[in-house]
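One structure is given below, encoded as structure tokens.
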Ligand code: AMP
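In my numbering, the protein residues as written are 184 to 690.
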């Protein structure tokens, strides 16, 4: 299966005619496959001129553009390791990443040129800029003058293609190393599972510094020789303008909840689309059902993480079950174990999700101890997600291990209580957290958002839950807020809630 072992061979095998659009920007600018070839060659020549050698890291903090994706390809062609960084990171945060990853080159937005140049110089790296339009900045200027011919550097399946820093909520963010095989094998698995072909047009509104928008979306499109429409962010006006040209959309759950609030969402608006995919955070079963009712499409939910790419997916043909993330993809093994002992558990039992396969990363950059602690001796990666597998082999995510609440010595799984809360009239969504409690160690605490005008009282909520849940699982407090805190990928940030309410029972 040499074809799936490295990204450039995979993309080259799928490459359509050179005038076929690869990326169409919202403003109408088109980068064709032929254009991608030429542009990435020019950029690769600039990288080499600056001393980027195979294995060197290239750190990239730029706005989303076709040229930024071309830079990812340029890094692959030069044998470099692509290191995208969240555009929200401050200079102080960049200092950590650049000190840790020691890139040869840093590419940033022109607005940050000064600060980044100083920082890069201090760490012995060169610095270039790339503007939000993809056409301005020193990288663009130099690339325009460089040769459009480049001899690609050969890479093996175990060579690094990228490092992605995880959005660590505790301690320092860790650099997940991703090999050619990790990314290529997953691109093929997803392309085939989701039936992507050269005829597909993906509506792309995700950021490209995260595994979802970068690898899941872009690698699948490249592996199929398909086309993407690039929107800078989820803007409903733009989504409804481009949906009639799209055959697929990949989103985080907040995309779906936001579009559901728009009166334009209906069967007609989504008639040209064959597939809606959701991931990166749990899609509420209710959102899945509402989407089906309004559009006739069952959203396909899948589960993955930076360290493993995508592990499981609901089927293309067959039941896409609300609230479940589907069975493991072909070639990927997934098991649920006792978090303490590592002993495999029976179907239906809740425990730690562990995965093994060509998709699983080899470890964290320069953190051998951290890496060793997160792998079992037989090669399974301990994901940190708690879940269960049903009799049909479908996986359900119950939450992050660190979100488990231990109250009075009992394990309380937030998801179980959240599911009950979400089903109550007037409740939009909920987050259940553990907060220090003088008697129980941690007190189960529910934070809710409610529909406009809904009367949801703490006493009523507790009275309803009491009929359905054991006493030890009942929240000690139920708090209503306007909005749950989320990160760029739409994940609810429970660490922020735990901080906000840390003195609730002890203050
Ligand atoms: P990241 O590395 O930022 O992609 O975050 C990965 C984490 O997101 C996983 O470990 C899960 O906790 C969560 N996640 C991703 N997809 C899903 C999903 N479909 N349902 C629930 N949680 C998910």
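The C-beta atom is built at its ideal place from N, Cα and C for all residues, glycine as well.
Checklist line | At least 3 beta-carbon pairs within less than 8 angstroms: the region 635-651 vs the region 669-677 | finding: With a cut-off of 8 angstroms, the region 669-677 and the region 635-651 do not count as touching, because too few Cβ pairs lie within range.
Next item on the list: Jot down the residue ranges of each uninterrupted beta strand (DSSP E) in the region 202-233, minimum 3 residues, whole runs only, in chain order.
Entry: Qualifying beta strand (DSSP E) stretches, in chain order: 204-208 and 213-215.
Next item on the list: Please state if the CB of residue 330 and the CB of residue 225 are separated by a distance shorter than 8 angstroms.
Entry: Within the chain shown, the letter at position 42 stands for residue 225. Within the chain shown, the letter at position 147 stands for residue 330. Against a cut-off of 8 angstroms, the Cβ pair of residue 330 and residue 225 comes out as a contact.
Check: What number of angstroms, rounded off, separates the C-alpha of residue 270 from the C-alpha of residue 242?
Finding: Position 87 of the chain shown, counted from the start, is the residue given in the question as residue 270. Position 59 of the chain shown, counted from the start, is the residue given in the question as residue 242. Residue 270 and residue 242: Cα-Cα distance of roughly 12 angstroms.
Margin query: Just to confirm before moving on: does the CB-CB distance between residue 281 and residue 306 stay below 8 angstroms?
Written below: Looking up residue 281 in the chain shown gives position 98. Looking up residue 306 in the chain shown gives position 123. Contact: yes.
Checklist line | Own chain partners of residue 308 with C-beta closer than 7 angstroms, once the 5 adjacent residues on each side are dropped | finding: As a position in the chain shown, residue 308 is number 125, starting the count at 1. For residue 308, where only same-chain residues beyond five positions count, the Cβ hits under 7 angstroms are 281, 286, 287, 288 and 289.
Next item on the list: Taking all protein chains shown into account, decide if residue 625 is buried (16 or more other Cβ within 10 angstroms of its Cβ) or exposed.
Entry: Here residue 625 refers to the residue found at position 442 when the chain shown is read from its first residue. Around the beta carbon of residue 625, a 10 Å sphere encloses 16 or more other beta carbons of the protein chains shown; the residue is thus reported as buried.
Checklist line | Own chain residues within Cβ distance below 6 angstroms of residue 685, not counting five before or after | finding: For the purposes of this step, residue 685 is taken as residue 502 along the chain shown, with counting starting at 1. Sequence-distant partners of residue 685 (beyond 5 residues in either direction) whose C-beta falls short of 6 angstroms from its own C-beta are missing from its chain.
Note to self: In whole angstroms, give me the CA-to-CA distance for residue 675 and residue 598.
What the structure shows: Counting from 1 along the chain shown, the entry for residue 675 is found at position 492. Counting from 1 along the chain shown, the entry for residue 598 is found at position 415. Residue 675 and residue 598 have their C-alpha atoms some 13 angstroms from each other.
Margin query: Please state the DSSP three-state secondary structure of residue 509.
Written below: Here residue 509 is taken as the residue at index 326 of the chain shown, counted from 1. In the structure shown, residue 509 sits in a strand (DSSP, three-state: E or B).
Next item on the list: Report the rounded CA-to-CA distance for residue 666 versus residue 632, giving the unit in angstroms.
Entry: Position 483 of the chain shown, counted from the first residue, corresponds to residue 666. Position 449 of the chain shown, counted from the first residue, corresponds to residue 632. Roughly 6 angstroms between the two C-alpha positions.
Note to self: Just to confirm my understanding: we take residue 198, look at its own chain, exclude 5 residues before and 5 after, and list those with CB closer than 7 angstroms. What are they?
What the structure shows: Locating residue 198 in the chain shown gives position 15, counting from the first residue. If we look at residue 198 and ignore the five residues flanking it on each side, its Cβ neighbours are 216 and 408.
Note to self: Taking 8 angstroms as the limit between beta carbons, can you name the residues of its chain near residue 325, skipping five residues before and five after?
What the structure shows: Taking the first residue of the chain shown as 1, we reach residue 325 at position 142. Counting only Cβ-Cβ distances below 8 angstroms, and skipping sequence neighbours, we find 229, 232 and 311.
Next item on the list: Along the alpha helix (DSSP H) that carries residue 605, what are the first and last residues, could you check?
Entry: Taking the first residue of the chain shown as position 1, residue 605 is located at position 422. Looking at the DSSP string, the run of the alpha helix (DSSP H) that includes residue 605 is 597-605.
Next item on the list: Take residue 545 and list the residues in its own chain whose beta-carbon comes closer than 7 angstroms to its own, dropping the five residues that flank it on each side.
Entry: Position 362 of the chain shown holds residue 545. Excluding its 5 nearest sequence neighbours in each direction, residue 545 has C-beta neighbours in its own chain below 7 angstroms: 360 and 362, listed in chain order.
Next item on the list: Mind checking which residues open and close the beta strand (DSSP E) that includes residue 698?
Entry: The displayed coordinates of the chain run from 184 to 690. Any statement about residue 698 would go beyond what the structure contains.
Next item on the list: For the alpha helix (DSSP H) holding residue 284, just list the boundary residues, first then last.
Entry: Within the chain shown, the letter at position 101 stands for residue 284. Counting along the chain, the alpha helix (DSSP H) containing residue 284 begins and ends at 274-284.
Note to self: By the three-class DSSP mapping on this structure, what secondary structure does residue 267 have?
What the structure shows: What you label residue 267 is simply residue 84 of the chain shown in a count that begins at 1. The answer is strand: DSSP assigns residue 267 an E or B state.
Check: So, helix, strand or coil for residue 496, using DSSP?
Finding: As a first step, residue 496 is located in the chain shown; it is residue number 313 there, counting from the start. Of the three classes helix, strand and coil, the one that applies to residue 496 here is strand, per DSSP.
Notebook entry, point to check: For residue 572, does the count of other Cβ atoms within 10 angstroms reach 16, so buried, or fall short, so exposed?
Noted result: What you label residue 572 is simply residue 389 of the chain shown in a count that begins at 1. That one is buried.
Margin query: Taking 7 angstroms as the limit between beta carbons, can you name the residues of its chain near residue 439, skipping five residues before and five after?
Written below: In the chain shown, counting from the first residue as 1, residue 439 sits at position 256. Hits under 7 angstroms: 461, 466, 470, 474 and 482.
Check: Within 7 angstroms: the Cβ of residue 692 and any heavy atom of the ligand AMP?
Finding: Residue 692 lies beyond the stretch modelled for the chain, which goes from 184 to 690, so this question has no answer here.
Notebook entry, point to check: Looking at C-alpha atoms only, which residue of 250, 628 and 682 is the closest neighbour of residue 663?
Noted result: Here residue 663 is taken as the residue at index 480 of the chain shown, counted from 1. The shortest C-alpha separation from residue 663 is found at 628.
Next item on the list: Using a threshold of 8 angstroms, state whether the C-beta atoms of residue 256 and residue 208 are closer than that.
Entry: Position 73 of the chain shown, counted from the first residue, corresponds to residue 256. Position 25 of the chain shown, counted from the first residue, corresponds to residue 208. No.
Note to self: Under 7 angstroms, CB to any heavy atom of the ligand AMP. Which residues pass, going along the chain?
What the structure shows: So the residues near the ligand AMP by this Cβ test are 349, 350, 393, 394, 395, 461, 462, 463, 464, 465, 466, 484, 485, 486, 487, 488, 489, 490, 508, 566, 567, 568, 580, 583, 672 and 674.
Notebook entry, point to check: Expressed to the nearest angstrom, what Euclidean distance is found between the alpha-carbon atoms of residue 397 and residue 344?
Noted result: Along the chain shown, read from residue 1 onward, the residue named residue 397 stands at position 214. Along the chain shown, read from residue 1 onward, the residue named residue 344 stands at position 161. Straight-line spacing of the CA atoms in residue 397 and residue 344 works out to 13 angstroms.
Checklist line | Contact the region 398-407 vs the region 369-380: 3+ CB pairs below 8 angstroms | finding: As far as the Cβ criterion goes, the region 398-407 touches the region 369-380, which means the pair count is three or higher.
Note to self: Whether or not the region 501-509 and the region 521-530 are in contact is what I'm after, with contact meaning three or more pairs of Cβ atoms, one per stretch, closer than 8 angstroms; do they touch?
What the structure shows: Result no; under three Cβ-Cβ pairs closer than 8 angstroms.
Next item on the list: Please report the residue range of the alpha helix (DSSP H) in which residue 644 lies.
Entry: As a position in the chain shown, residue 644 is number 461, starting the count at 1. Note, residue 644: alpha helix (DSSP H), 641-649.
Item checked: For residue 358: DSSP bridge partner residues -> Translated into the one-based positions of the chain shown, residue 358 becomes position 175. Residue pairing of residue 358 in beta bridges, as defined by DSSP: 348.
Note to self: Please determine whether the Cβ atom of residue 596 lies at a distance below 7 angstroms from any heavy atom of the ligand ADP.
What the structure shows: Absence of the ligand ADP is noted for the structure shown, with the ligand AMP being the only ligands found.
Next item on the list: Would you mind listing the beta strand (DSSP E) stretches within the region 427-480 that are 3+ residues and don't spill past its ends, in chain order?
Entry: Within the region 427-480, the complete beta strand (DSSP E) runs of at least 3 residues are 431-434 and 458-461.
Next item on the list: Go ahead and label residue 427 buried or exposed: buried means 16 or more other beta carbons lie within 10 angstroms of its beta carbon, across all protein chains shown.
Entry: If you number the chain shown from 1, residue 427 lands on position 244. Looking at its Cβ environment, which holds fewer than 16 other Cβ atoms inside 10 Å, residue 427 is exposed.
Check: Just to confirm, are residue 414 and residue 388 a CB contact at a threshold of 8 angstroms?
Finding: Sequence index remark: in the chain shown, residue 414 carries index 231 (1-based). Sequence index remark: in the chain shown, residue 388 carries index 205 (1-based). In this structure, residue 388 lies closer than 8 angstroms to residue 414 by Cβ.
Margin query: So for residue 620, helix, strand or coil by DSSP?
Written below: Along the chain shown, one-based indexing puts residue 620 at 437. Here residue 620 sits in strand by DSSP.
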